[in-house]
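Number of protein chains: 2
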Amino acid sequence: MKLTTKGRYAVMALADLARFNNINPVSLRDISLRQGISLDYLEQIFSKLRKKEIVQSIRGTQGGYILNKKAKEIKLINIFEAVDEKIKTVQCKKESKKGCNGKPTKCLTHDLWDELENHITYFFEQKSLEDLIKDNLTRRV
Amino acid sequence: MKLTTKGRYAVMALADLARFNNINPVSLRDISLRQGISLDYLEQIFSKLRKKEIVQSIRGTQGGYILNKKAKEIKLINIFEAVDEKIKTVQCKKESKKGCNGKPTKCLTHDLWDELENHITYFFEQKSLEDLIKDNLTRRV
DNA sequence: ATAAACCCGAGTAAAATAGTCAAGTATCAT
DNA sequence: ATGATACTTGACTATTTTACTCGGGTTTAT
Chain Z
50 MKLTTKGRYA VMALADLARF NNINPVSLRD ISLRQGISLD YLEQIFSKLR KKEIVQSIRG
110 TQGGYILNKK AKEIKLINIF EAVDEKIKTV QCKKESKKGC NGKPTKCLTH DLWDELENHI
170 TYFFEQKSLE DLIKDNLTRR V
Chain F
50 MKLTTKGRYA VMALADLARF NNINPVSLRD ISLRQGISLD YLEQIFSKLR KKEIVQSIRG
110 TQGGYILNKK AKEIKLINIF EAVDEKIKTV QCKKESKKGC NGKPTKCLTH DLWDELENHI
170 TYFFEQKSLE DLIKDNLTRR V
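Shown next, in the form of structure tokens:
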């Protein structure tokens, strides 16, 4: 049970962006340097974030990215969804309402995995980008 | 962010074991058939569970496994630990108390990942095997 | 004696991850 | 105009992890 770099980096990069999100757009190059994430990889990630309208891009010199919504309105769940960071605890989820794996009844642990998935999802639904940067009034990288 | 089969199967198999844990030991063959998990794979898993003293083995014909503690005392966290299902949200955890990745300060999202890890771990610390089978008075596979 | 079970370590195919690389296009500053 | 900066896109790939399988054991009830 682990977080992939895609999800982690997306959040790190957006936290960085939110922090420096003044009038000027923030370039991926800057984020790359500050957060130590490869530029090429960041480009992949931001492509997805842009398609899901979490950020806006500004091309050309002095260009970069800006948040497309208020930091408060961007929840971690939105970020994870955008970069395909799935929360997947169960394999039999898509089966029919009643049964798992083709059987007529639910598997013994079905509700457990559902509950776990909800537990984790809840966390991501609550936390916003704003929470991240508010918690970080002390100087951080 | 997903659960591996090792963790999932371990819990499924132990739930099955707990359910049929009467006087007689339960063979992996039976668990394999009921839960649809390969026998070879189950053997790997139970080897670890035995080494962590979650189950006891009884060799020979009519042998099998029994729980080594009361179902109430076996928490999911113990099971996951036994089969090396790690809960890993952060990469910079092992760095010094204050800084991440060799830098003198914590990374922006450090506390977030810590909090997430705690959130998930808490869930696994609360849930016991007994909870699983108690929740399943209705007939299940 | 035999079969049912546990025990153990090595090996491996497939999938997922974590990127890199190449070739663009848009825009600004000068 | 032109060069530099920065976004855009899609393909490619090495490494790691996962999810097993396989082949040999040993123990014990009947």
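Protein sequences, first through last, are from chains Z and F. For reference, each letter of the first sequence is one residue, going 50 to 190 in the working numbering. For reference, each letter of the second sequence is one residue, going 50 to 190 in the working numbering. Ideal placement from N, C-alpha and C gives every residue a C-beta, glycine not left out.
The segment 125-135 of chain Z contacting the segment 77-88 of chain Z, beta-carbon criterion three pairs below 8 Å: The answer is no - the segment 77-88 of chain Z does not touch the segment 125-135 of chain Z, with fewer than three Cβ pairs under 8 Å.
Report the option in F/65, F/50 and F/53 whose CA atom is closest to the CA atom of residue 183 of chain F. Checked all of F/65, F/50 and F/53; the closest Cα to residue 183 of chain F is F/65.
Give me, in chain order, the residues of the same chain whose beta-carbon lies closer than 7 Å to that of residue 178 of chain Z; leave out the 5 immediate sequence neighbours on both sides. Shown here for residue 178 of chain Z: same chain residues with a beta carbon closer than 7 Å to its own, the five before and five after excluded, namely 63, 64, 67, 120 and 123 in chain order.
The segment 109-117 of chain Z touching the segment 69-79 of chain Z, judged by at least three CB pairs closer than 8 Å: Judged by Cβ distances under 8 Å, the segment 109-117 of chain Z makes contact with the segment 69-79 of chain Z, as three or more pairs qualify.
Could you spell out where the alpha helix (DSSP H) holding residue 80 of chain Z opens and where it closes? Counting along the chain, the alpha helix (DSSP H) containing residue 80 of chain Z begins and ends at 77-84.
Going along the segment 125-136 of chain Z in order, which residues come within less than 7 Å of chain F, judged by CB to CB distance? So the list reads 134, 135 and 136, given in the order they occur along the chain.
Measure the CB-CB distance between residue 199 of chain Z and residue 60 of chain Z and report whether it falls below 9 Å. For chain Z, the structure presents residues 50 to 190; residue 199 of chain Z sits outside this window and is missing.
Neighbouring residues, chain Z, relative to residue 172 of chain F (Cβ below 7 Å): Correct list: 165 and 168.
Rank Z/141, Z/136, Z/82 and Z/55 by C-alpha distance to the C-alpha of residue 174 of chain Z and give the top, closest one. Comparing Cα-Cα distances from residue 174 of chain Z to each of Z/141, Z/136, Z/82 and Z/55, the minimum goes to Z/136.
DSSP-derived helix/strand/coil call for residue 105 of chain Z: In the three-state reduction of the DSSP assignment, residue 105 of chain Z falls in the strand class, which pools E and B.
Figure out for me which residue from Z/132, Z/106, Z/115 and Z/171 has the closest Cα to the Cα of residue 97 of chain Z. When C-alpha distances from residue 97 of chain Z are compared across Z/132, Z/106, Z/115 and Z/171, the shortest belongs to Z/132.
Using a Cβ-Cβ cut-off of 7 Å (strictly less than) and excluding sequence neighbours within five positions of residue 117 of chain F, which residues of its own chain qualify? Cβ neighbours of residue 117 of chain F within its own chain (closer than 7 Å, five residues either side excluded): 102, 103, 104 and 105.
Please report the Cβ distance between residue 55 of chain F and residue 134 of chain F, rounded to the nearest whole angstrom; I am assuming they are in contact, meaning their Cβ atoms lie under 8 Å. About 6 Å separates the two Cβ atoms, so the contact holds.
Keeping to the same chain, check which residues put their C-beta closer than 7 Å to that of residue 162 of chain F; ignore five residues upstream and five downstream. If the five residues before and after residue 162 of chain F are omitted, its C-beta is found closer than 7 Å to the C-beta atoms of 138 and 139, all from its own chain and listed in chain order.
Within 10 angstroms of its Cβ, does residue 169 of chain Z collect 16 or more other Cβ (buried), or is it exposed? Counting of Cβ neighbours within 10 angstroms places residue 169 of chain Z among the buried residues, the total reaching 16 or more.
Flag residue 182 of chain Z as yes if its beta-carbon sits less than 9 Å from any beta-carbon of chain F, otherwise no. Closer than 9 Å to some Cβ of chain F, the Cβ of residue 182 of chain Z qualifies, so yes.
So residue 94 of chain Z is in the beta strand (DSSP E); what residue range does that whole segment cover? Per DSSP, residue 94 of chain Z is not a residue of any beta strand (DSSP E); the alpha helix (DSSP H) it occupies stretches across 88-100.
Do you know whose CA, among F/71, F/57 and F/72, lies nearest residue 95 of chain F's CA? Of F/71, F/57 and F/72, the residue nearest in Cα terms is F/57.
Where the alpha helix (DSSP H) through residue 66 of chain Z begins and ends: Looking at the DSSP string, the run of the alpha helix (DSSP H) that includes residue 66 of chain Z is 54-68.
What does DSSP give as the partner residue(s) for residue 114 of chain F in the beta ladder? Note: residue 114 of chain F sits in a beta bridge opposite F/75 and F/106.
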